[in-house]
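Novice: Before we start, here is the structure in question, set down as structure tokens.
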Amino acid sequence: MVSSMSTPFPGSLSTPFTPPFKVVRLYFIIATITFVFLNGLMLLRSGYISGFHFQPKLLSFAHIAVLGWATMIIMGAMTQLIPVILETSLFSVRMAKWGLWLYIIAVMTITGHFWFFATKGGGMAMAAGMLFVAVLLFVINVGLTLRKVKSINITIAHIIAAIVYLSVVATMGFLLGFNLSIPFMKGNHLHYLSLHAALGFAGWFAMIIMGVSYKLLPMFTLSYTYKTWPGWAAFSFVNLGILGIIVEFLTNRPFYSTVFILIGLIMFSYQVILIMKGRMRKTLDIGLRHALLSYVYIPVAAILGVVISLSNMTPDMRQRIILIYGFTVLFGCITLLIIGMMYKVVPFLVWFHKYSDKVGKEKVPLLKDMFSERIGSIQFWFINIGVPNVMVGLYLENQIIVGIGLTIMFIASLLFGYNMFTVFTRK
1 MVSSMSTPFP GSLSTPFTPP FKVVRLYFII ATITFVFLNG LMLLRSGYIS GFHFQPKLLS
61 FAHIAVLGWA TMIIMGAMTQ LIPVILETSL FSVRMAKWGL WLYIIAVMTI TGHFWFFATK
121 GGGMAMAAGM LFVAVLLFVI NVGLTLRKVK SINITIAHII AAIVYLSVVA TMGFLLGFNL
181 SIPFMKGNHL HYLSLHAALG FAGWFAMIIM GVSYKLLPMF TLSYTYKTWP GWAAFSFVNL
241 GILGIIVEFL TNRPFYSTVF ILIGLIMFSY QVILIMKGRM RKTLDIGLRH ALLSYVYIPV
301 AAILGVVISL SNMTPDMRQR IILIYGFTVL FGCITLLIIG MMYKVVPFLV WFHKYSDKVG
361 KEKVPLLKDM FSERIGSIQF WFINIGVPNV MVGLYLENQI IVGIGLTIMF IASLLFGYNM
421 FTVFTRK
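Once you know that position 277 of the sequence shown is 277 in this note's numbering, the rest is easy, because the numbers rise by one and skip nothing.
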């Protein structure tokens, strides 16, 4: 039964049902290393972040960001959070552990093939197949865990939808990768690629961002009483928009899908405002500042999506807006939220794992001592100068401005990586 007025109540990030911390830790550590590597690589090869979006280096950047950074973090977070939300054990810890290693190998292999555009032979198809199997293991693990759910609240509904979309996106990715090696699809490859990207952004990422936010934001701000109808409205409108994307793909007729998605994301923003209005914790720490700024970028990205789909632009301008849109989604919406939530989640998990049994017996550090808030604040300003800088540079097609923005972002990634290193190596 769906509870239309279900309010996710704040709770703990660690319960007797959560998997061993060493499993979840791997996801976070490897993803953080990937994030620093990605920013360094983009800086060194900044000249490739321009022009037509279907080019080898740009495809490699995008897949490192999507697979090696964002999706890997989300997988780790879901491995930790779903047992907390459902109050039940993960179906298989072993599947989570071995699936991660297969996933890492697959991501390295497929992004390497994109970088060199090595489509001849079966390498690309094999890499796509490995990635598909790794994602499938994750989907099966989460799906079998979700079988134990007793009632569907707003967070669970979004997680279920996200897993369904991830399955579709992974299947399409496998078919597209196979098609690059051994062409078999009828029609334009880019037509299928556009659907693959749209379902990834609007389906997998949007659903998981919205759903997890409804759980974590109230938990971190101590917000207990608020209406949830905007969240359900957002869920309905975004999914209607995704259905419209599929209809447009199949019929080549406009369904104005991006307008529905825009309305949904505006409703999501309103839900966030309601949660923040009812919060008992008024202070915004470094994690919440990152998260809240990411919510500002979400409607911006949605508006860019509408502009791309409905405006009559020159091919050159359209390509610039597409690049800005993709960059905004990956580094404005997704990355800022991930960094914010990692500042909230990771220090607690490490503290709980290392010190919870020592409380009252010996001196233990406070949560605020797990990393440098000052370095986090500097990193916050760096990334929030760097991201808009790159967006402006892409619009003006000015490689100097893009390079300056990427330099600032790389410094921000190093500062973030240092803080996470400090947390994970805390004695």
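For every residue, glycine included, the Cβ atom is placed at its ideal position computed from N, Cα and C.
(1) What are the residues that DSSP puts in a beta bridge with R279?
(2) For L240, which of I261, N252, W232 and Y226 has the nearest alpha-carbon?
(3) On the criterion of 16 or more Cβ atoms from any shown chain inside 10 Å, does K215 qualify as buried, or is it exposed?
(4) Decide if M5 is buried, meaning its Cβ has at least 16 other Cβ atoms within 10 Å, or exposed.
(5) Does the distance from the C-beta atom of L100 to that of Y27 stay below 8 Å?
(6) With distances taken between CB atoms, is the gap from L406 to L43 smaller than 8 Å?
(7) When you compare each of N419, I154 and G326 to A233 by their alpha carbons, which one comes out closest?
(8) Alpha carbons only, please: which of L193, I152 and N188 is nearest the one belonging to T171?
(9) Under 8 Å, with one C-beta from each stretch per pair, do the region 415-427 and the region 49-62 reach the 3-pair mark?
(10) In this structure, does DSSP put T7 in helix, strand or coil?
(11) Threshold first: 4 residues or longer. Then list the alpha helix (DSSP H) segments lying entirely within the region 139-214, N to C.
(12) With DSSP collapsed to three states, give me the class of N398.
(13) Can you tell me the Cα-Cα spacing of T7 and T119, whole angstroms?
(14) Determine the DSSP secondary structure at H353, reduced to helix, strand or coil.
(15) Give the secondary structure of P19 by DSSP, where H, G and I count as helix, E and B as strand, and everything else as coil.
(16) State the start and end residues of the unbroken alpha helix (DSSP H) segment that holds F237.
(17) Given a threshold of 16 other Cβ atoms within 10 Å of its Cβ, counted over all protein chains shown, does W69 qualify as buried or as exposed?
(18) By the DSSP assignment, the alpha helix (DSSP H) with H290 in it spans what residues?
(19) With DSSP run on the structure shown, which of helix, strand or coil describes Q55?
(20) Taking only runs that begin and end inside the region 83-134, name each unbroken beta strand (DSSP E) of 3 or more residues, in chain order.
(21) Could you name the residues of the same chain whose beta carbon sits closer than 6 Å to that of S413, not counting the 5 residues immediately before and after it, in chain order?
(22) Measure the Cβ-Cβ separation of G332 and S372 and say whether it is below 8 Å.
(23) Taking its Cβ as the centre, do 16 or more other Cβ atoms sit within 10 Å of M280, making it buried, or is it exposed?
(24) Mind checking whether M78 and V142 have CB atoms under 8 Å apart?
(25) Over the uninterrupted alpha helix (DSSP H) stretch that includes F327, give me the two end residues.
(26) I'd like the list of long-range same chain contacts for L102, defined as Cβ closer than 6 Å, with 5 residues on each side in sequence excluded.
(27) Check this for me: beta carbons of V107 and L131, under 8 Å apart or not?
(28) Which of helix, strand or coil does DSSP assign to S50?
(29) On the three-state DSSP scale, how would you describe K363?
(30) When the distance is taken between beta carbons, is L367 closer than 8 Å to F348?
(31) Would the beta-carbon of F116 fall within 8 Å of that of H63?
(32) Once the 5 residues before and after S269 are set aside, which same chain residues still bring their CB inside 8 Å of it?
(33) Residues in its own chain within less than 7 Å of T32 by CB, not counting five upstream and five downstream?
(34) Give me the residue from L394, V402, I338 and H353 with the minimum Cα distance to M487.
(35) Exposed or buried, T18, counting other C-beta atoms within 10 Å across all chains shown (16 or more means buried)?
Specialist: According to the structure shown:
(1) S223
(2) I261
(3) Answer is buried; the Cβ neighbour count reaches 16.
(4) Note on M5: pLDDT 34, under 50, position unreliable in the model; no value is reported.
(5) yes
(6) yes
(7) I154
(8) Residue L193 is the option with its Cα nearest to T171.
(9) no
(10) Because the pLDDT at T7 is just 38, under 50, the model does not fix this residue reliably, and the point stays unresolved.
(11) As far as the region 139-214 is concerned, its whole alpha helix (DSSP H) runs of at least 4 residues are 154-181 and 189-198.
(12) Residue state, collapsed to three classes: coil.
(13) Note on T7: pLDDT 38, under 50, position unreliable in the model; the coordinate value appears next. Cα-Cα distance, rounded: 49 Å.
(14) helix
(15) coil
(16) Segment W229 to T251, the alpha helix (DSSP H) holding F237.
(17) Answer is buried; the Cβ neighbour count reaches 16.
(18) I286 to L310
(19) coil
(20) none
(21) F35, V36 and N39
(22) no
(23) exposed
(24) yes
(25) P315 to F327
(26) A134
(27) yes
(28) coil
(29) coil
(30) yes
(31) no
(32) Listed in chain order, the non-local C-beta contacts of S269 below 8 Å within the same chain comprise Y295, I298 and P299, local neighbours out to five positions each way being set aside.
(33) G417 and M420
(34) Lying outside 1 to 427, the shown extent of the chain, residue 487 is not represented and no answer is given.
(35) buried
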